[in-house]
Every structure is written in C-alpha cells, then in structure tokens.
Amino acid sequence: MVRVTGREYNGLLDTACYQNGKMSCLSCHSMHGYLDNNDQLPPHGDQRGVPQCHNISVTT
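Going by my numbering, the sequence shown opens with residue 181, and the numbers climb by one from there.
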C-alpha cells in the first residue's frame, strides 16, 4: 500500500532534484523489507544525504 498526501508529493514534484531525475519517492522510502508501511530509510538528521545528489562537502 502506498499512502501519499498531496503536500509531500506535490512538494517533491516542485524540487529541481525530482525534475532532473535525481530524486524520487524511493530516495527516502523502500518498497520492500519493512514491517510497517510508514517506515522510511534511515533519516539523515544532518545533510549527509545531500552529497548523494549535489556536489558539496558536508562536515559532521
């Protein structure tokens, strides 16, 4: 089951990352292997996920 509310999905559609094909729902969510439908991939509380798509250095 996929539950998407308009705000999150529309917000994703407006990002340059999505429009350039660098980001999708699956960038944060997995379709398989979770016990709860609301589970996401481990969050990056800092910006460690940013360099995966953007050419910047992040210090932790």
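Ideal placement from N, C-alpha and C gives every residue a C-beta, glycine not left out.
I need the boundaries of the alpha helix (DSSP H) containing residue 197, first residue and last residue. Judged by DSSP secondary structure, residue 197 falls within the alpha helix (DSSP H) whose first and last residues are 196-199.
Is the distance from the Cβ of residue 198 to the Cβ of residue 192 below 8 Å? In terms of Cβ geometry, residue 198 and residue 192 form a close pair [threshold 8 Å].
For residue 207, does the three-state DSSP call read helix, strand or coil? Residue state, collapsed to three classes: helix.
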